[in-house]
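These notes are about the structure you will find just below.
Numbering (this note's numbering), first residue to last: 264 to 357.
Here it is, written out as structure tokens:
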């Protein structure tokens, strides 16, 4: 409950940045599928640098909006052309 609006804002931001995001709501939770990485070539060789920056960007945006949700984790390259950001209520995991 209450995840819809901040999740929608996050998807809009990620869309503007070129990530081709797709919001998915399922029994296991809310997630954002990222189908395009604007830094794919760099991420493939330096994922330990690029992916945490993207995770921090998403967490920072939600925090700046005082959203009741955060990005719990980012599964980088869950598939060759897909990264998955898992959303959770803010403060739940930490």
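Just so it is clear, CB atoms sit at the ideal spot from N, CA and C, and this is done for glycine as well.
The Cβ atoms of residue 274 and residue 284 lie closer than 8 Å to each other. Excluding residues up to 5 positions away in sequence, 310, 314, 346 lie with their Cβ nearer than 6 Å to the Cβ of residue 339 in the same chain.
Under DSSP, residue 349 shares a beta bridge with 294, 336. The C-alpha of residue 328 is placed about 12 Å away from the C-alpha of residue 353. Residues of the same chain with a CB within less than 7 Å of the CB of residue 298, apart from the 5 flanking positions on each side, are 283, 285, 344, 345 in chain order. Counting every other CB atom within 10 Å of its CB across the protein chains shown gives residue 341 a total below 16, marking it as exposed.
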